[in-house]
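Novice: Just so you know, we're using the working numbering here: the sequence shown kicks off at 13 and counts up by one. Cβ atoms here follow ideal geometry from the backbone N, Cα and C, with glycine treated the same way. Here's a structure for you.
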Amino acid sequence: MRKPLIAGNWKMNHNQLATRAWCRRFRDIAREDGRPPAADVELAIAPPFTSIPAFLAETGEEEISTGAQNLHQESSGAFTGELSAGMLVELPVDFVILGHSERRHVFGESDERISLKVAAARENQLLPYLCVGETEDERDSGRMEPTIEKQLQAGLSRISLGSADDLVIAYEPVWAIGTGRTATREQAQEAHGFLREILASICSSEIARGVRILYGGSVKANNAGDLAAMPDVDGFLVGGASLDAGSFLSIARAWSGND
Ligand code: PEP
């Protein structure tokens, strides 16, 4: 049974002050509602690096995991401005987002580099959230499947999965990220089902059945319930709507149809 996971990616938003305000609001909503923030889903947030200590300090008592948005594949060295997996573990964080479309398309990260980062995360017991997704051109020219298959194969090429808990996959069509255009639930299911098949061929059917595959791309409380109904959609990776604690929690609650 895959436990639904609702993860927020704050990108380069929320300094320490805003992070503390987000956490206070998160706690207040839970208190006002008189119920845990998310009883039957797992919650996770990836703040910017410099806000991680503030987030950890504020959420110590909450059941919400903390992640990073990137790492460098080497453990140390002359890599100005970079952070290693070992440094992130020291903070500590639980997971790291890798292969996000902004890293691929804005910062030019190749599948090869992403595979090295995934390996570095695993070597340091950090859970990789491996993001894959096609551009609009790739979809329009019928290349959605080969694109995400290649990204998945390459991303996992340097690791072997001991269990389904060693990996989270996020399917994030590039044309849906930050655009307000969400994939239909049929489009999401098609891609997720396909990724699970590829995963089974890479590792085993048992592991593939247990790995959570999140959908990302303009998820909001008003479309979350619809997407959540699909059998291979196991949660969301949320950008813009995670910046507000209220809308993030509404998405989590929409999952269970109880908002
Ligand atoms: C993202 O950046 O991973 C994302 C899904 O963003 P948004 O929810 O804003 O589309």
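For the alpha helix (DSSP H) holding E54, just list the boundary residues, first then last.
Specialist: E54 -> not in any alpha helix (DSSP H); beta strand (DSSP E) instead, spanning E54 to A58.
Novice: According to DSSP, is L95 part of a helix, a strand, or is it coil?
Specialist: Three-state DSSP puts L95 in coil, outside helix and strand.
Novice: Cβ of V223 within 8 Å of Cβ of L179?
Specialist: Yes, the pair counts as a contact, with Cβ atoms nearer than the cut-off.
Novice: Identify whether F260 lies in helix, strand or coil by the three-state DSSP scheme.
Specialist: Note: F260 maps to helix in three-state DSSP.
Novice: Sorted by chain position, which residues of the same chain lie with C-beta nearer than 6 Å to E161's C-beta, five sequence neighbours on each side aside?
Specialist: Correct list, in chain order: I210.
Novice: Among F61, I109 and L239, which residue has its Cα nearest to the Cα of A182?
Specialist: A182 has its Cα closest to that of I109, out of F61, I109 and L239.
Novice: Check whether the Cβ atoms of M242 and R197 lie closer than 8 Å to each other.
Specialist: Result yes, Cβ atoms of M242 and R197 sit closer than 8 Å.
Novice: Examine the ligand PEP and report whether any of its heavy atoms sits within less than 7 Å of the Cβ of V118.
Specialist: Outside the cutoff, so no.
Novice: Alpha helix (DSSP H) containing G205: first to last residue?
Specialist: From DSSP, the alpha helix (DSSP H) with G205 extends over R197 to I214.
Novice: If you scan the region 79-144 from start to end, which runs of the alpha helix (DSSP H) of 4 or more residues do you find wholly inside it?
Specialist: If we require 4 residues or more, the alpha helix (DSSP H) runs fully inside the region 79-144 come out as 97-102, 113-117 and 123-135.
Novice: So, helix, strand or coil for S268, using DSSP?
Specialist: In this structure, S268 counts as coil in the three-state DSSP scheme.
Novice: Identify, in the order they occur along the chain, each residue of the same chain with its Cβ nearer than 6 Å to the Cβ of S77, setting aside the five sequence neighbours on each side.
Specialist: The residues are A56 and D106.
Novice: Tell me whether T194 is buried or exposed, calling it buried when 16 or more other Cβ atoms sit within 10 Å of its Cβ.
Specialist: Buried.
Novice: So, I225 versus I18, is the Cβ gap smaller than 8 Å?
Specialist: Cβ atoms of I225 and I18: not closer than 8 Å.
Novice: Which residues in the same chain have their Cβ closer than 6 Å to the Cβ of S87, if we skip the five residues on either side of it in sequence?
Specialist: Cβ neighbours of S87 beyond the five flanking positions: S96 and G98.
Novice: Buried or exposed, going by whether 16 or more other CB atoms sit within 10 Å of the CB of N21?
Specialist: With 16 or more Cβ atoms within 10 Å of its Cβ, N21 is classed as buried.
Novice: Within a Cβ cutoff of 6 Å, which residues of the same chain sit near D271, ignoring the five residues on either side of it in sequence?
Specialist: With a pLDDT of only 48 at D271, under the threshold of 50, the placement of this residue in the model should not be trusted, and no figure is reported.
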